[in-house]
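Before any comments, here is the structure.
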Amino acid sequence: MVNFLDVKYGKISLAEIVEINHFLDMKSDIEYANMPSLKKGGKQYGSSRINS
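Note that the working numbering gives residue 96 to position 47 of the sequence shown, counting from 1, and the numbers run on in steps of one.
Listed below in structure tokens is the structure:
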């Protein structure tokens, strides 16, 4: 686990922080893509019609 003191005292570089951030962004994109449409806020049966 990286904490503020690791960054402050140079135990971890900015490049490593950017790499960690990139990895977490990719992971969240993959999880979002695999999520059912209802959890994403979409409709279950396509577009809704008022006068159906």
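No residue lacks a Cβ here, since even glycine has one placed at the ideal position from N, Cα and C.
Considering just the uninterrupted stretch of the alpha helix (DSSP H) at residue i, what are its terminal residues?
i: Phe66; result: Before going further, note that residue 66 is Ile rather than Phe in the sequence given. First-last of the alpha helix (DSSP H) with Ile66: 63-82.
Helix, strand or coil: which one does DSSP assign to residue i?
i: Lys60; result: coil
Since I believe residue j is in contact with residue i (beta carbons under 8 Å), could you give me their beta-carbon distance rounded to a whole number of angstroms?
i: Ile66; j: Val56; result: 7 Å
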